[in-house]
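J.: 1 is the number of the first residue of the sequence shown in UniProt numbering; add one for each residue after it.
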Amino acid sequence: FSQRYNQVSICIFFLIQELLRVMRTIDDRIVHELNTTIPTASFVGKIDAGQTCKELYESLMNAHTNRERIIKNCIAQTSSVVKTLREEREKAQDDVALLKQLRKEQTKV
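#1: State the CB to CB distance for the pair T65 and T52, rounded to an integer number of angstroms; the pair is presumed to be in contact (CB under 8 Å).
#2: Output yes or no for whether 8 Å exceeds the beta carbon distance between L85 and E58.
#3: Whose CA, out of K54, E55, N73, lies closest to the CA of L20?
#4: Can you give me the start and stop residues for the alpha helix (DSSP H) that I47 sits inside?
#5: Short of 8 Å in beta carbon distance, which residues of its chain neighbour L98, apart from the five on each side in sequence? Order them along the chain.
#6: Does the distance from the CB of A63 to the CB of I26 come in under 8 Å?
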């Protein structure tokens, strides 16, 4: 169980890490987004700056909400794994590999 779980856990961790990196794109490019969203003097009459800013704000808030949901879900899953490993550890206190796995998972939380 422990080795198979370890491989799945690592895979899930990297997938979540990549997903969060992609979701940060709008935050990382906020200056660029603002510069392209807010119209220059020559485009003031052609673009509704208020609506465009509102859409940018909603997009940013949606990204933050999704990121928060993913992070909380990841914490909940990792906490569940830690609980399971603790229960296994109580049954097999001499299992050094299990202890290592438990410590590794605890550092994620």
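The beta-carbon is built from N, C-alpha and C at its ideal position, and this holds for glycine as well.
All values reported here derive from a predicted model rather than from experimental measurement.
T.: Working from what's here:
#1: About 20 Å; that fails the 8 Å criterion.
#2: Cβ distance not < 8 Å, so L85 and E58 don't count as in contact.
#3: Among K54, E55, N73, the Cα nearest to that of L20 belongs to N73.
#4: Judged by DSSP secondary structure, I47 falls outside any alpha helix (DSSP H); it is assigned neither H nor E.
#5: S2, L85, E88, R89, A92
#6: yes
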